[in-house]
Amino acid sequence: MTPPEKKEQLQGTVERITYHNSENGFCVLQVRRQGQKNMTPVIGSLPSVEIGEHLRAEGLWKLHKNHGLQFQADTIEASQPKNMRGMEKYLSSGALRGIGPAFAKKILSHFGQDIFEVLEKSPHRLASIPGIGEKKIATVIKSWDTQRCIRDIMLFLHEYQIGPSHAVRIHKTYGKQAIDIIRDNPYTLVQDIRGIGFKTADQIAQKIGIAHDSPQRIRAGLFHALLEARDDGHCGLPEDILADIGQAKLEVDDEKIRQAIDHALKSGDLILTEEKETAILMVSPFYYMERAVAERLKTLEKGDLPWKDLNIEEAVEKAQEKIHITLADSQKKAILGALQSKISVITGGPGVGKTTIVRTLLQALREANLKFSLSAPTGRAAKRLSESTRCPAKTIHRLLEVNPAGGGFTRNEDKPLKCDLLILDEVSMVDLPLMNSLVKAIPPHAALILVGDVDQLPSVGPGKILQDLIESEAFPVFRLTEVFRQAKRSNIIRSAHNINQGFFPHIPEKGEKSDLYFIAADDSEDVNHKIIYLIEKRIPQIFQVDAKTDIQILCPMNRGTCGTKALNYLLQSHFNPSPQKMIERFGWKYAIGDKVMQIQNDYDKDVFNGDIGYIKDIDIEEDNLIITFDHTDVSYTLGELDNVVPAYAITIHKSQGSEYPVVILPIVTQHFPMLKKKLLYTGVTRGKKLVILIGQKKALAMALKAKEQNHRWTNLQFWLK
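This is the structure in structure tokens:
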């Protein structure tokens, strides 16, 4: 039997961080040991590490065939630097905001090895350094406190095998009380921290000593099941379905599940809806939101029209003359019908004239001297609406005037919008919470016209607002089906309607001019190779477009070799091969010039989920990064980049409400879990000038034949009826 190798200890200063994975802590460090000229590679795991820190490791020496002698550590501890050289490296590394190389030398020459004690116990002494201002001192103190707090959270999480990348989010949510909150109830992490699931929180709970069948654990598991259902678009779940999910997730008997449900019902945290056939359990906020939306719309419907004295038929005729168009009978019927109702819905696919109707409608009402508000869920959709109607349009968030302090909206029932008519476009994207906020802010005298394509993907958030409004038959609905002559010339529009009916898109013959093409590819690797060729040479040369700004890759899903993650790595290296500056955070590389997307609403920054921008500058010393969104520069700390991802490729879901000059859609069989008709239809209708489907015809057939899983558990339709 071979005796175990004797472990050794190693100490030194971190000179360089070759690699550090923020998810699991794995790191490759270059360490300088005292008295040694050459650096030593150390491989191990640390929740966080900074250049200049003192390292103490225990492990074994290993000879790597390519990299030579390395120290493979079983345990590593990093602490504040213990010598002046390490201190200078640490302070110059950008770990503390407001301290760069020059200022690091200055404070070290002033305080020497006492600098960390000064920062910890008497930071006001920084004012004794000549030339330092109050603003600089405040920045350094805040950064020191934040870093210390985040480091404590990282070390605490490391004990429970939770990656350090979550520490910044946890600190931002809970502040200095983070560890106490987690110890008191680890299940709060599931609801409050994106990326931490029930399984992770449950591991902490078990180690802390919360019993497997405790009411606290069962209740948390049930609420997490409803949270997951919300992510799938449901506003609640039938009791039997929730109980079955709870049993499978928690591995406890049905009786305890039912007891937890009864307790939540008695406390009012859950509510069982009244409708007998489709009664569902809902968390109380969603229940009251659905009721409030229905009641508010029904109240809004009552009363006189804001244009009651207008001869609408005459106004519509004049509007046609003014903007030089002749409406089809179906369009005229929709306009006259909408002008006779306080609430109406206009729906239809591409090329059926929804935009023409809105434009004519606005022109017809101009003589009535009314105040209009036009809105859409995303910035790109609002911009498109504004361009097509020649009237200003805002996103719903900007229309309702976000209140950064509270995260809510300034406009509500107490301070309603100043309008006589609100036209809301792309309603299929609007979820229940946003609709609830919007209807609260509509003044009682105003009219509401809802425009959207019910055949597109439903909202990413919970609810199916447009579908429920249509199916409730509570308000007039005008469904447009006639595709007009000019639109018929577009293969994009013709193919979109084919796809919607379950037929193959029209694939042009060789040499046939078209705005939609299908390019066959053998497998995922072949797809990726052909995408690079298309964006590098073919499309820019033939269609005279800017590859970086005008071409958007839309993927059915994030995972896989043809998913957004793999394609973003590939396209980033193509579009930005030699960036001026680059950093690595949260598993992504960020470089000046990169195309990126915000993935969470940020009310403080006035940037919202789905907004696309370009990285303008990176300042590691100041812990700062600038992203330009639609000509507006927005500042981020490097720790806030968990809300920003590369956007050379995005999911079709994230593209809703947007339109791009050129769209490339990779369609391969590995995407089969997501390949559905609505997904393909939504992706194709995002293209304005050119759409290229690239992949396997078999995958295309799968999408067209797959059974749509459209059912969402909601009760809005019931309340509207």
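Numbering-wise (the working numbering), the sequence shown opens with residue 1144 and increments by one. Glycine included, C-beta positions come from ideal geometry on N, C-alpha and C.
Could you give the first and the last residue of the continuous alpha helix (DSSP H) run that contains residue i?
i	result
Pro1722	Run containing Pro1722: none; DSSP gives neither H nor E here.
Gln1474	Asp1472 to Leu1482
Phe1341	Phe1341 to Ile1351
Ala1690	Ala1690 to Asp1693
Gly1229	Met1227 to Ser1235
Ile1685	Ile1682 to Phe1686
Thr1825	Lys1820 to Val1827
Arg1373	Pro1358 to Asp1374
Gln1334	Thr1331 to Asp1335
Arg1427	Checking the sequence shown, residue 1427 turns out to be Ser, not Arg. From DSSP, the alpha helix (DSSP H) with Ser1427 extends over Ser1427 to Glu1444.
Ala1849	Run containing Ala1849: none; DSSP gives neither H nor E here.
Near residue i, which residues of its chain fall below 6 Å by C-beta distance, leaving aside the five closest residues on each side in sequence?
i	result
Pro1804	Val1688, Asp1693, Lys1831 and Lys1832
Gln1154	Arg1199
His1207	Gln1213
Asn1555	Lys1583 and Ala1584
Leu1567	Ser1518 and Leu1593
Phe1621	Ala1477, Gly1480 and Ile1489
Identify, in the order they occur along the chain, each residue of the same chain with its Cβ nearer than 8 Å to the Cβ of residue i, setting aside the five sequence neighbours on each side.
i	result
Lys1673	Ile1662, Ala1664 and Ile1837
Glu1277	Ala1270
Phe1341	Tyr1330, Val1333, Ala1363, Gly1364, His1367 and Lys1392
Could you check the C-alpha separation between residue i and residue j for me, to the nearest Å?
i	j	result
Glu1457	Ile1613	29 Å
Ile1770	Asn1744	15 Å
Val1806	Ala1321	44 Å
Val1603	Met1572	7 Å
Ile1219	Met1230	19 Å
Val1395	Asp1356	6 Å
Phe1815	Gln1799	20 Å
Tyr1317	Gln1684	52 Å
Lys1315	Val1157	28 Å
Lys1759	Ser1716	17 Å
Leu1470	Gln1695	34 Å
Leu1710	Asn1719	14 Å
Thr1707	Asp1776	25 Å
Asp1598	Gly1492	7 Å
Leu1847	Arg1326	49 Å
Trp1856	Gly1379	6 Å
Tyr1162	Leu1843	40 Å
Leu1172	Arg1702	30 Å
Pro1358	Lys1279	50 Å
Leu1408	Asn1328	21 Å
With distances taken between CB atoms, is the gap from residue i to residue j smaller than 8 Å?
i	j	result
Ala1481	Leu1863	no
Gln1213	His1197	no
Arg1873	Lys1583	The chain is shown only over 1144 to 1864; residue 1873 falls outside these bounds and no answer can be derived.
Pro1587	Cys1562	no
Pro1789	Lys1738	yes
Ser1638	Leu1623	no
Val1750	Cys1705	no
Ala1310	Pro1449	no
Ile1361	Lys1399	yes
Ile1423	Asn1858	yes
Let's see if you can read the secondary structure: which residues bound the beta strand (DSSP E) around residue i?
i	result
Ile1807	Tyr1803 to Ile1810
Ala1663	Leu1659 to Ala1663
Ile1486	Ile1486 to Gly1491
Glu1158	Glu1151 to His1163
Is there a C-beta anywhere in chain B that falls below 8 Å from the one on residue i?
i	result
Gln1723	Of the chains in the structure shown, none is chain B; there is only one protein chain.
Does the beta-carbon of residue i have 16 or more other beta-carbons within 10 angstroms, so that it is buried, or is it exposed?
i	result
His1854	exposed
Tyr1431	exposed
Ala1507	buried
Thr1538	buried
Phe1246	buried
Met1144	Its pLDDT being 47, under 50, Met1144 is placed unreliably in this model, and the coordinates cannot settle the point.
Arg1497	The sequence given here places Lys at residue 1497; Arg does not occur at that position. The residue is buried, with at least 16 neighbouring Cβ atoms inside 10 Å.
Ile1351	exposed
His1796	buried
Ala1477	buried
Gly1756	buried
His1377	buried
Gly1274	exposed
Thr1503	buried
Met1227	exposed
Tell me which residues share the same chain as residue i and place their Cβ nearer than 7 Å to its Cβ, disregarding the 5 neighbours each side in the sequence.
i	result
Val1570	Leu1593, Val1594, Gly1595, Ile1608 and Leu1609
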